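K.L.:
Pasting a structure here, questions to come.
There are 2 protein chains.
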Amino acid sequence: MNDTNSVVIDLGAVIVAVTDGRPLTLARQGPAIDAAEARSIARGFDIAGDALPSGAFDPTRHRTLELGLRETVSRRIGVNLGYVEQLYTFGDRGRHPREREGGPRVISVGYLALTRETQMPVPESTAWRQWYDYFPWEDWREGRPPMIDRLILPLLKEWIAAPKSPAERARRQDRATICFPEDNGGWDEEIVLERFELLYEAGLAAEAQRDGAATFALDGQAVPPPGTPMMSDHRRILATAMGRLRAKLKYRPVVFELMPESFTLLQLQRTVEAILGSNLHKQNFRRLVENSGLVESTGEIEPQTRGRPAAKFRFRREVLRERLAAGVRISGSR
Amino acid sequence: MNDTNSVVIDLGAVIVAVTDGRPLTLARQGPAIDAAEARSIARGFDIAGDALPSGAFDPTRHRTLELGLRETVSRRIGVNLGYVEQLYTFGDRGRHPREREGGPRVISVGYLALTRETQMPVPESTAWRQWYDYFPWEDWREGRPPMIDRLILPLLKEWIAAPKSPAERARRQDRATICFPEDNGGWDEEIVLERFELLYEAGLAAEAQRDGAATFALDGQAVPPPGTPMMSDHRRILATAMGRLRAKLKYRPVVFELMPESFTLLQLQRTVEAILGSNLHKQNFRRLVENSGLVESTGEIEPQTRGRPAAKFRFRREVLRERLAAGVRISGSR
DNA sequence: CATATTTATGCTCTAATTGAGTATAAATAT
DNA sequence: ATATTTATACTCAATTAGAGCATAAATATG
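Residue numbers (the numbering used here), protein chains in the order written: chain R, -14 to 319; chain S, -14 to 319.
Written out as structure tokens, the structure reads:
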């Protein structure tokens, strides 16, 4: 281990909130703001993409990576995070603009943070962006997104057919079928990252073109790749966060980190649906939540509703101490 | 981001195999130590304990972290890994010996690899070690390990009572109850890391003493901390691997990476039990596995057994392509 | 050889959970 | 007044989980 092995660590945070059924993440919008990044964009090495809140890990000041992340976010966004969980560490060469400038290798450590939008006054440079702006194929609440059949599958078909080796074609076909099955029943909402990696490799992500892939066309027409791109490998980190949260929801009571102090069961359901990207059976959702022991009635009643007013509930924080609580089990609908 | 932010990455692998119901990990053996020796080593900066196969990430040669890990293991152990999965990235200050000598900050990226012992001729410097040498409280196959009640709970009780603040005492009590419940029903086999972190913080891990904690005594007698210690934060990485594998077993068909080409259902069950550290109901296990579609009969019959000879099965590798297959669901026993 | 022991395998029974409805209640909108 | 909307209660069938009983097919033992 000597100096030639040294790298710098970039700590990135997917800061999640869900407001009125919109799943949100905090992002610095548009073209990168700093000089080095601006130069690389000018040379055509980068595309303008949103960026997750991130900052360098400073080994002299930070005792742990998580503390480093908290400090970075607190300094840059001005908010102290509550629930934080490490996601994944990416170190692929050639995904970071500074690296392409001849700078040191950048290793990205991604984190997931859960908050409430209203609790977080954010600086002007950042804004709450909807998850599904970046991953439009992941939102099935209005049914199967038409872009899957109209755009993604036709282009994947070309990608599958491209290699000479039949074995490689079969591998590509298998991956495509698992990630984007023809029938809705086979859709697995948790493999968000696998799907994005597939699109990236197939050249259907703007980042892949930035990183050197060819542009693509459908019916002879150049098509913009689906979803808003992000800087560096931030869209991978966001995909990891979405997949992790979709999975975790089901076995740990993490949704409540996203809820206000008291809420109706429909508000809770809409939050879960926003994260999962699919709709649930209302009566069964109620049954599961009520029987889980995770919530208790506050006695209040939600005013200002259209139909019958709903009872309000609160999360029983005690369960976190009593036992290792399970999450919100779900049973789908639609 | 400048030079002062640079760190080095240590890639560590938990290489797992299960042979005859013994869950194994590959380790470079540390100096054998008794309790007194442990204390003197702890005062110095030296390595005390076994080490996982590991090596520095070389950003000039390695395109991704995982490729770096594969290359390191292949070079040092002489084996090409199959199934590999990233676990977690630890960056805590003060856990790495070289760092304490004034070297650069070391960030550990841990990986889990699944193999078969017989496939892996290993160099003399390393050996297969049983998981439960490092974590004796995690093996419940012979019932609740007596050390929990004889050693761990009494010492935790002191640790819980120590702080002046009642709130801090309550927090400690809650953590202890979740990690080491009094009644067997509450035991959660997946929170291996949480349990180890608790013991570390309570000073009940030799590594904690190395890192500066006080030694401890039971009934006035100095006691060696439970479990074989490891270098740096390798025992944390191993704990992460155990927890991850115990969880993953249940929702992805990963056990088969540890099985030979053909096997009896009891062999499969023993492997699962070795990983989980608890026993399963034989008939129900058989029912689940047979109905899962994950295996098919080979037509062979296992000779040289005590009782009735068992039919042999093989893993249907096709399922990995057909669909995103679930794991071996389990129903406990004993 | 007869019998105990061991392991494999098939089957049953009950309780709990899941998935999909129907029915009714209590509010607002027209 | 009546339609519409949302909340909430309840039912029913299918599936799954947890536990155990029973029988089969081998070896071990006296």
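In this text, a Cβ means the ideal position worked out from N, Cα and C, and glycines have one as well.
Keep in mind the model is a prediction, meaning the values are calculated, not measured.
Across which residues does DSSP place residue 8(R) in a beta bridge pair?
P.N.:
Taking the first residue of the first sequence as position 1, residue 8(R) is located at position 23. Residue 8(R) is bridged to 3(R).
K.L.:
Which runs of the beta strand (DSSP E) spanning at least 3 residues fall entirely within the region 30 to 68 of chain S, listed in chain order?
P.N.:
List check, beta strand (DSSP E) in window: 39 to 41.
K.L.:
Here's the rule I'm using: 16 or more other beta-carbon atoms within 10 Å means buried, otherwise exposed. How should residue 132(R) be labelled?
P.N.:
Looking up residue 132(R) in the first sequence gives position 147. Looking at its Cβ environment, which holds fewer than 16 other Cβ atoms inside 10 Å, residue 132(R) is exposed.
K.L.:
Does the region 69 to 80 of chain R touch the region 94 to 101 of chain R, meaning 3 or more C-beta pairs lie closer than 8 Å?
P.N.:
The region 94 to 101 of chain R is in contact with the region 69 to 80 of chain R.
K.L.:
Who does residue 215(S) pair with in a DSSP beta bridge?
P.N.:
Residue 215(S) sits at position 230 when you count from the first residue of the second sequence. Answer by DSSP bridge pairing, in chain order: 35(S).
K.L.:
With a threshold of 16 other CB atoms inside 10 Å of the CB of residue 28(S), please say whether the residue is buried or exposed.
P.N.:
Here residue 28(S) refers to the residue found at position 43 when the second sequence is read from its first residue. Below a pLDDT of 50, predicted positions are generally treated as unreliable, and residue 28(S), at 42, falls in that range; the measurement from the model is reported next regardless. So residue 28(S) counts as exposed.
K.L.:
When the Cα atoms are used, what is the spatial distance from residue 406(R) to residue 193(R)?
P.N.:
Outside the modelled stretch of chain R, which goes from -14 to 319, sits residue 406(R), for which no answer is possible.
K.L.:
Using 8 Å for Cβ pairs, my map puts residue 270(R) next to residue 289(R). What's the rounded Cβ distance?
P.N.:
By 1-based counting over the first sequence, the position of residue 270(R) is 285. By 1-based counting over the first sequence, the position of residue 289(R) is 304. With a Cβ gap of about 22 Å, residue 270(R) and residue 289(R) do not count as contacting.
K.L.:
Would you call the region 53 to 66 of chain R and the region -9 to 5 of chain R in contact, with 3 or more CB pairs under 8 Å?
P.N.:
Enough Cβ pairs lie closer than 8 Å, so yes.
K.L.:
Give a yes or no on whether the minimum CB-CB distance between residue -9(S) and chain R is below 8 Å.
P.N.:
One-based indexing of the second sequence puts residue -9(S) at position 6. Yes, because at least one Cβ of chain R sits closer than 8 Å to the Cβ of residue -9(S).
K.L.:
Report the residue from 79(R), 7(R), 257(R), 272(R) whose alpha carbon sits nearest the alpha carbon of residue 121(R).
P.N.:
Numbered from 1 along the first sequence, position 136 holds the residue referred to as residue 121(R). Comparing Cα-Cα distances from residue 121(R) to each of 79(R), 7(R), 257(R), 272(R), the minimum goes to 7(R).
K.L.:
Is the Cβ of residue 92(S) closer than 8 Å to any Cβ of chain R?
P.N.:
Your numbering for residue 92(S) matches position 107 in the second sequence. Output row for residue 92(S): interface = yes.
K.L.:
Out of 187(S), 247(S), 165(S), which has the shortest C-alpha to C-alpha gap to residue 177(S)?
P.N.:
As a first step, residue 177(S) must be located in the second sequence, where it is residue number 192. Residue 165(S) is the option with its Cα nearest to residue 177(S).
K.L.:
Under a Cβ-count criterion, where at least 16 other Cβ atoms within 10 Å of its own Cβ denotes burial, should residue 180(R) be classed as buried or exposed?
P.N.:
Position 195 of the first sequence, counted from the start, is the residue given in the question as residue 180(R). So residue 180(R) counts as buried.
K.L.:
Helix, strand or coil: which one does DSSP assign to residue 97(S)?
P.N.:
By one-based count along the second sequence, residue 97(S) stands at place 112. Looking at residue 97(S) - three-state DSSP - the assignment turns out to be strand.
K.L.:
Is there contact between the region 196 to 216 of chain R and the region 136 to 152 of chain R, where contact requires at least three CB pairs shorter than 8 Å?
P.N.:
The region 196 to 216 of chain R, when compared against the region 136 to 152 of chain R, does touch it at the 8 Å Cβ threshold.
K.L.:
Could you check which residue in 257(R), 216(R), 250(R) has the C-alpha nearest to that of residue 276(R)?
P.N.:
Locating residue 276(R) in the first sequence gives position 291, counting from the first residue. The shortest Cα separation from residue 276(R) among 257(R), 216(R), 250(R) belongs to 250(R).
K.L.:
Label residue 268(S) either buried or exposed according to how many other C-beta atoms from any shown protein chain fall within 10 Å of its C-beta, with 16 as the threshold for buried.
P.N.:
What you label residue 268(S) is simply residue 283 of the second sequence in a count that begins at 1. With fewer than 16 Cβ atoms within 10 Å of its Cβ, residue 268(S) is classed as exposed.
K.L.:
For residue 273(R), which residues in the same chain have their Cβ closer than 8 Å to its Cβ, ignoring the five residues on either side in sequence?
P.N.:
Taking the first sequence and counting its residues from 1, the one referred to as residue 273(R) is at position 288. So the qualifying residues of the chain are 313, 314, 315, 316.
K.L.:
What residues from the region 271 to 296 of chain R come within 7 Å of chain S, judged by C-beta to C-beta, listed N to C?
P.N.:
Residues passing the 7 Å Cβ filter: none.
K.L.:
Less than 8 Å between CB atoms is the rule here; does residue -6(S) satisfy it with respect to chain R?
P.N.:
Here residue -6(S) refers to the residue found at position 9 of the second sequence. Yes, residue -6(S) counts as interfacial toward chain R.
K.L.:
Which of the residues in the region 139 to 157 of chain R, read from start to end, lie with their CB under 9 Å from any CB of chain S?
P.N.:
So the close ones are 155, 156.
K.L.:
Please state if the CB of residue 108(R) and the CB of residue 62(R) are separated by a distance shorter than 8 Å.
P.N.:
As a working note, residue 62(R) is residue 77 in the first sequence. As a working note, residue 108(R) is residue 123 in the first sequence. Yes.
K.L.:
Return the bridge partner residues of residue 296(S) from the DSSP annotation.
P.N.:
Reading the second sequence from its first residue, position 311 is the one you call residue 296(S). In DSSP, residue 296(S) forms a bridge with 286(S).
K.L.:
Any idea if residue 114(R) is buried or exposed, counting beta-carbon neighbours within 10 angstroms, 16 or more meaning buried?
P.N.:
For the purposes of this step, residue 114(R) is taken as residue 129 along the first sequence, with counting starting at 1. With 16 or more other Cβ atoms within 10 Å, it is buried.
K.L.:
For the beta strand (DSSP E) holding residue 112(R), just list the boundary residues, first then last.
P.N.:
Reading the first sequence from its first residue, position 127 is the one you call residue 112(R). Where residue 112(R) is concerned, the enclosing beta strand (DSSP E) stretches over 111 to 115.
K.L.:
Please name the residue in 54(S), 47(S), 103(S) whose C-alpha comes closest to that of residue 3(S).
P.N.:
On the second sequence, position 18 is the one that residue 3(S) refers to. Out of 54(S), 47(S), 103(S), 103(S) has the C-alpha closest to the C-alpha of residue 3(S).
K.L.:
Between residue 232(R) and the rest of its own chain, which residues show a CB-CB distance below 6 Å, the 5 nearest in sequence each way excluded?
P.N.:
Residue 232(R) sits at position 247 when you count from the first residue of the first sequence. 175.
K.L.:
What is the rounded straight-line gap between the Cα of residue 24(R) and the Cα of residue 86(R)?
P.N.:
To locate residue 24(R), count along the first sequence from 1; it is residue 39. To locate residue 86(R), count along the first sequence from 1; it is residue 101. Bear in mind that the predicted position of residue 24(R) carries a pLDDT of just 45, short of 50, making it unreliable; the figure below should be weighed with that in mind. Each residue's alpha carbon lies about 9 Å from the other.
K.L.:
Report the three-state DSSP secondary structure of residue 119(R) (helix, strand or coil).
P.N.:
Here residue 119(R) refers to the residue found at position 134 when the first sequence is read from its first residue. Reduced to three states, the DSSP call for residue 119(R) is helix.
K.L.:
Let me see if you follow: with CB-CB separation under 8 Å, is residue 159(R) close to chain S or not?
P.N.:
Reading the first sequence from its first residue, position 174 is the one you call residue 159(R). It does: the Cβ of residue 159(R) has a partner Cβ on chain S nearer than 8 Å.
K.L.:
If you reduce the DSSP assignment to three classes, tell me which class residue 304(R) lands in.
P.N.:
Taking the first residue of the first sequence as position 1, residue 304(R) is located at position 319. In the structure shown, residue 304(R) sits in a helix (DSSP, three-state: H, G or I).
K.L.:
Return no unless some Cβ of chain R is closer than 8 Å to the Cβ of residue 214(S).
P.N.:
As a position in the second sequence, residue 214(S) is number 229, starting the count at 1. Answer no: the Cβ-Cβ gap between residue 214(S) and chain R never drops below 8 Å.
K.L.:
Does the beta carbon of residue 238(S) sit closer than 8 Å to a beta carbon anywhere in chain R?
P.N.:
The residue labelled residue 238(S) in the question sits at position 253 within the second sequence. No, residue 238(S) lies away from the interface with chain R (no Cβ there is under 8 Å from its Cβ).
K.L.:
Among 256(S), 66(S), 48(S), 279(S), which one has its Cα closest to the Cα of residue 76(R)?
P.N.:
Numbered from its first residue, the first sequence carries residue 76(R) at position 91. Of the listed residues, the one whose Cα sits closest to residue 76(R) is 48(S).
K.L.:
Could you tell me whether the Cβ of residue 66(R) comes closer than 8 Å to any Cβ of chain S?
P.N.:
Position 81 of the first sequence, counting from 1, holds the residue named residue 66(R). False, the Cβ-Cβ gap to chain S never drops below 8 Å.
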